[in-house]
Amino acid sequence: MKEYYTMTIAGLKRDLPLCPISDTTQIGAFVIFGDPELTVASAEALVRRCPAHDVLITAESKGIPLIHEMARQMGNERYVLARKSPKLYMRNVFSAEVNSITTDHRQTLYLDGGDAKYMQGKRVVIVDDVISTGESLRALEHLVSEAGGQVVGRMAILAEGDATDREDIIYLEKLPLFNAEGEPLD
Numbered sequence: 000m001k002e003y004y005t006m007t008i009a010g011l012k013r014d015l016p017l018c019p020i021s022d023t024t025q026i027g028a029f030v031i032f033g034d035p036e037l038t039v040a041s042a043e044a045l046v047r048r049c050p051a052h053d054v055l056i057t058a059e060s061k062g063i064p065l066i067h068e069m070a071r072q073m074g075n076e077r078y079v080l081a082r083k084s085p086k087l088y089m090r091n092v093f094s095a096e097v098n099s100i101t102t103d104h105r106q107t108l109y110l111d112g113g114d115a116k117y118m119q120g121k122r123v124v125i126v127d128d129v130i131s132t133g134e135s136l137r138a139l140e141h142l143v144s145e146a147g148g149q150v151v152g153r154m155a156i157l158a159e160g161d162a163t164d165r166e167d168i169i170y171l172e173k174l175p176l177f178n179a180e181g182e183p184l185d
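End of the sequence shown sits at 185 in numbering that gives the first Met the number 0; the numbers just go up one at a time, nothing left out.
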C-alpha cells in the first residue's frame, strides 16, 4: 500500500501523504505551511492567471500563506480573511457554515464587519490551497455576497474530485482521489 503520492506543483516536486477519508477512499494531504519555496512558486503561477479584481479573500487557515504571498507579489495593500471563530476585535460579524472533507465536523466561517465594508461594491477573487467539494467556496461566496462584493474569480493551487470538472475555477494541478491501496481513482 502506498503512503505518499508524488506530484509536481508550480515546477516543484512534492510527496503528499495519503490520508483515508473513508474505508475506500484516500486523499493526498497538501499542506503548504512550512514550505516557503512552494508558497512563492504557487503564488507566482496563480498571480499570472489572476482575473482583474479589487480584493482577495481566503478562509482560515491553509490559504493564509498563499493569499499573503499573492497580495505581496501584486502590491496589494490588503486582503480579507474569513476566520474559523469570531475574535474579540471583530465587530458586526456575520457567518456562513461549511462542511469540509478534511474536518470531521461542520465549521463556521466568520467575517468582520470592517472587512465586509471594505469589500462592498468590489470585485473579489477567492483564493484557497485546495478545492475539492466546493463547500468552502460556497461559504466564502455567501460571505462576499452578504458584504456586497462580487466574486469575479475562484483560484486554488490544487483541485480534486468534482472540482477538476468545474470551468469556474482556476487551478494549477489536478490532485486525484485514491483508493484504499493508494492508487489514483482518476
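Every residue, glycine too, gets a C-beta built ideally from N, C-alpha and C.
Output needed for Gly112: all residues of its chain with C-beta closer than 6 Å, excluding positions within five of it in sequence on either side, in chain order.
Same-chain partners within the cutoff: Arg90 and Asn91.
DSSP three-state label for Asp53, please.
Note: Asp53 maps to coil in three-state DSSP.
May I have the straight-line CA-CA distance separating Asp81 from Ala179, to the nearest angstrom?
Here residue 81 is Ala; the residue named in the question, Asp, does not match the sequence. Cα atoms of Ala81 and Ala179: separation of roughly 34 Å, rounded to the nearest angstrom.
Candidates Leu174, Val54 and Ala115, of which the one nearest Ala158 by Cα:
Closest option to Ala158, Cα to Cα, is Leu174.
With DSSP run on the structure shown, which of helix, strand or coil describes Ile203?
Examination of residue 203 is not possible in this model, given that the chain is present from 0 through 185 alone.
Going by DSSP in three states, Gln72 sits in which element: helix, strand or coil?
Looking at Gln72 - three-state DSSP - the assignment turns out to be helix.
Lys61 versus Val143: straight-line alpha-carbon distance, rounded:
Straight through space, the alpha carbons of Val143 and Lys61 are spaced by roughly 19 Å.
Given Gly133, which residues of its chain have a CB within under 8 Å of its CB, disregarding the five upstream and five downstream residues?
In its chain, beyond the 5 residues on either side, Asp161, Ala162 and Arg165 have a beta carbon closer than 8 Å to the beta carbon of Gly133.
Determine, using beta carbons only, whether Gly46 and Met69 come nearer to each other than 8 Å.
It is Val, not Gly, that sits at residue 46 in the sequence shown. In this structure, Met69 lies closer than 8 Å to Val46 by Cβ.
Alpha carbon to alpha carbon, what distance is there between Tyr117 and Gly33?
Going by C-alpha positions, Gly33 is about 30 Å away from Tyr117.
Can you have a look at Met154 and say buried or exposed, based on whether 16 or more other CB atoms are within 10 angstroms of its CB?
So Met154 counts as buried.
If I measure Cβ to Cβ from Arg77 and keep anything under 8 Å in the same chain, skipping five residues before and after, which residues do I get?
Only Val54, Ala70 and Tyr117 meet the Cβ criterion.
In the DSSP output, which residue or residues are listed as bridge partners for Tyr117?
According to DSSP, which records beta bridges pairwise, Tyr117 is partnered with nothing at all.
Spatially closest choice to Gly181 from Arg13, Cys18, Thr107 and Tyr88, by CA coordinates:
With respect to the C-alpha of Gly181, the residue from Arg13, Cys18, Thr107 and Tyr88 having the closest C-alpha is Cys18.
Go ahead and pull the three-state DSSP assignment for Gly181.
DSSP places Gly181 in coil when its eight states are reduced to three.
In this structure, does DSSP put Ile66 in helix, strand or coil?
Ile66: helix per DSSP, three-state reduction.
To the nearest angstrom, report how far apart Leu110 and Gln119 are at their CA atoms.
Approximately 13 Å between the Cα atoms of the pair.
Under 8 Å between C-beta atoms of Glu172 and Ala138
Taking 8 Å as the Cβ cut-off, Glu172 and Ala138 do not qualify as a contacting pair.
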